Ligand SMILES: Cc1cc2nc3c(=O)[nH]c(=O)nc-3n(C[C@H](O)[C@H](O)[C@H](O)COP(=O)(O)O)c2cc1C
Ligand code: SF4
Ligand code: FES
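Residue numbers (the working numbering), protein chains in the order written: chain A, 88 to 560; chain B, 67 to 258.
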């Protein structure tokens, strides 16, 4: 990994008033968009071929070709950069874009931009909306161009009304400059961008729920298939991406896929917004490459533990991802592969988080890192998390509606000292029965933190349960 | 379930629910943003709530009529989301986050303190009806935990008992919190 100490911020650079379009333009903003939409720019396509020379040695021959920015070329550029979705699942954005069916005349296509940001512990998209909204808008324009879409709907959680206003002002400015709207810069292309305010429901961040909400309904997630690319908003082909993913795509177009892919972790590249909160001296959003050491982030970046307390646990990417004990983070980096292996070497993997047929350390999620000190009560923590999921379950599927309720009840019982040892096993099997049986992933997301915390802090749960008759051996 | 509030007692409501010419234009604008008019329901519910403070049956009927949807549909949407108020509560809603980060950084204690401070009843409402306190889920501002959302609007950051005292006093004097921008972090590196 290149030296993160000399990293120059590109998502949230320290440029005053960057949310004003003139300032954004003066710093290179919308220049690439102008080239792409008016057809004036070309992309340098580098072909590498291996050639065997007469003496038997091999040589890589590079040929450069100038190609116009066709929609397909834009998809290919973003795909080759390997922009991994910043909404939590980390799916290659360009690859997702390539799943859109061929354009049919007369059938509209839509982009839904996910600004619901409700995963507890996450607060990065909010910063982009306030400090660099035009980067998000430029990314949206590239996405709409690449997928030949007519309009984008940015769905923003209702609570973010102040931040929605920043974004809405920026959209207005972009319309005034002719970068968005009808016949953009004389190109004949029309792309509209609308901002839609949610009204307080975590589930709306789930992509199909978000679409239901945009259609003006109660936001019950839809079962898949059909996938949004086939039947999305108003029955038309749709792609859904996170706000941050849009900003990342704009950077890829501006600086190139090779530049992007060279930043941070090989398999999970790019600039990254680390959202660090909890028992830490300098909580906040920090922009660095992916693949930072968790320990560097805690001690060198965010100023170390508050009040000199000892570190106990880290949730690396929002509430749903498995919690890591302090003894599991040594040498662990914030990238998918490193996190997956975190702590698995300890005592034959006794802290491994079973997921499908493998064992896992943790995941990137949203990059919202919650840092906890030695005084944190893990049972109370899980109790509050379970309350959250119980409250936010839309109630459509029985295993989720009932399961989230049971999890909360059992954990309250344990926390209040009324639990028994067998309740821990019951909790465990409950979480297993909630997974993979529901319309959306909320059920899984609610089961994971419970299971991970019991595996990794079992002694705290045991200390709170009554001595059980089964515990005698 | 997300945002379900029971529809309790029916009171006689003499309010005349209607949108002005200007507001009706706004409704038309919202309808024009989407390929299907039904999608305008959320923005127009927001309009009605901002105008009347909460969504009574009359306000919901107004939303339904001005878009051309059934009362049942609009009512169903309004009850799904927690930020739409289906009952008239205190004048100013104080939503204090006690979720993940706020939960470990003093949110629950601030919530309890606030309830005591305003002498909240079981529903979280102060005797004079000026304040209504409730627990919030993560507000997406965990770096300034604990956080409050004031009346569906501005956030109040880095709460403690003192900031609560000050806020309550100011609001009683008619001064409401303003938007506070949290600056980006300076990224100087700390080596020891
Ligand atoms: C319960 C649930 C909540 C989610 N909440 C969010 C959210 O608040 N913001 C977000 O971007 N993605 C959220 N997602 C993920 C989205 O479904 C979707 O994968 C994502 O927006 C795709 O964007 P990306 O590929 O750019 O990451 C959520 C998923 C689930 C299952
Ligand atoms: S899993 Fe839960 S949140 Fe998702 S659709 Fe089913 S009940 Fe609703
Ligand atoms: S946990 Fe309170 S704002 Fe995130």
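Note that beta-carbon positions come from the ideal geometry of N, C-alpha and C, so glycine has one too. Here the structure is a predicted model, which is why all the values come from computation and not from measurement.
- Listed along chain B are 143, each with a C-beta nearer than 7 Å to that of residue 304 of chain A.
- Collapsing the DSSP output to three states places residue 393 of chain A in a helix.
- Linking residue 446 of chain A to residue 314 of chain A through their CA atoms gives a straight-line distance of about 29 Å.
- Judged by DSSP secondary structure, residue 238 of chain B falls outside any beta strand (DSSP E) and instead within the alpha helix (DSSP H) spanning 227 to 238.
- Within 7 Å of the C-beta of residue 247 of chain A there is not a single heavy atom belonging to ligand 2.
- Think of a sphere of 8 Å around the beta carbon of residue 247 of chain A: the chain B residues whose beta carbon falls inside it are 206, in chain order.
- Between residue 374 of chain A and residue 98 of chain A, the beta carbon gap of about 5 Å places them in contact (Cβ cut-off 8 Å).
- Listed along chain B are 170, each with a C-beta nearer than 8 Å to that of residue 459 of chain A.
- Residue side-chain check: residue 453 of chain A keeps its Cβ at 7 Å or more from all non-hydrogen atoms of ligand 3.
- If the five residues before and after residue 506 of chain A are omitted, its C-beta is found closer than 6 Å to the C-beta atoms of 500 and 552, all from its own chain and listed in chain order.
- In the DSSP secondary-structure assignment, residue 279 of chain A is bridged to A:238.
- As summarised for the region 497 to 548 of chain A, there are no continuous beta strand (DSSP E) elements at least 3 residues long confined to that stretch.
- Look at residue 310 of chain A: its beta carbon is at least 7 Å from all of the heavy atoms in ligand 1.
- At a Cβ-Cβ threshold of 8 Å, residue 460 of chain A and residue 387 of chain A do not count as neighbours.
- Considering only A:417, A:146, A:160 and A:117, the residue with the shortest C-alpha distance to residue 132 of chain A is A:160.
- When the five nearest sequence neighbours on each side are left out, the beta carbons in the same chain lying within less than 8 Å of the beta carbon of residue 179 of chain A are those of 166, 169, 170, 171 and 172, in order along the chain.
- The C-beta distance from residue 208 of chain A to residue 244 of chain A rounds to 15 Å, too long to meet the 8 Å contact threshold.
- According to DSSP, residue pairing for residue 139 of chain A in a beta bridge involves A:145.
- Each of A:290, A:308, A:480, A:481, A:482, A:483, A:484, A:487, A:488, A:525, A:526, A:527, A:529 and A:530 has a C-beta closer than 6 Å to some heavy atom of ligand 2; these make up the full list, in chain order.
- Non-local beta-carbon contacts of residue 363 of chain A in its own chain, meaning distances under 7 Å to residues more than five positions away in sequence, involve 370, 371, 373, 384, 389, 456 and 458 in chain order.
- In its chain, beyond the 5 residues on either side, no residue has a beta carbon closer than 8 Å to the beta carbon of residue 239 of chain B.
- Unbroken alpha helix (DSSP H) runs of no fewer than 4 residues, entirely contained in the region 149 to 207 of chain B, are found at 166 to 170 and 173 to 183, following chain order.
- In the three-state reduction of the DSSP assignment, residue 85 of chain B falls in the coil class.
- Rounded to whole angstroms, residue 341 of chain A and residue 402 of chain A show a C-alpha spacing of 33 Å.
- Among the residues of chain A, those whose CB is under 7 Å from the CB of residue 99 of chain B are 281, following chain order.
- For ligand 3, no non-hydrogen atom lies closer than 7 Å to the CB of residue 138 of chain B.
- Between residue 105 of chain A and residue 201 of chain A, the C-beta spacing is not below 8 Å.
- For residue 262 of chain A, the secondary structure class from DSSP, reduced to helix, strand or coil, is helix.
- Neighbours of residue 131 of chain B in chain A, taken as residues whose beta carbon is under 7 Å from its own, are absent, since the nearest beta carbon is some 15 Å off.
- Residue 371 of chain A reaches chain B at 209 and 251, counting residues in chain order whose Cβ is nearer than 7 Å.
- For residue 153 of chain B, the closest of B:99, B:168 and B:125 by C-alpha to C-alpha distance is B:125.
- With a cutoff of 8 Å on beta-carbon distance, residue 327 of chain A and residue 479 of chain A are scored as not near each other.
- In this structure, residue 190 of chain A lies away from residue 152 of chain A, with their beta-carbon atoms at least 8 Å apart.
- By the Cβ rule, the region 520 to 527 of chain A counts as touching the region 484 to 497 of chain A, because three or more pairs are nearer than 8 Å.
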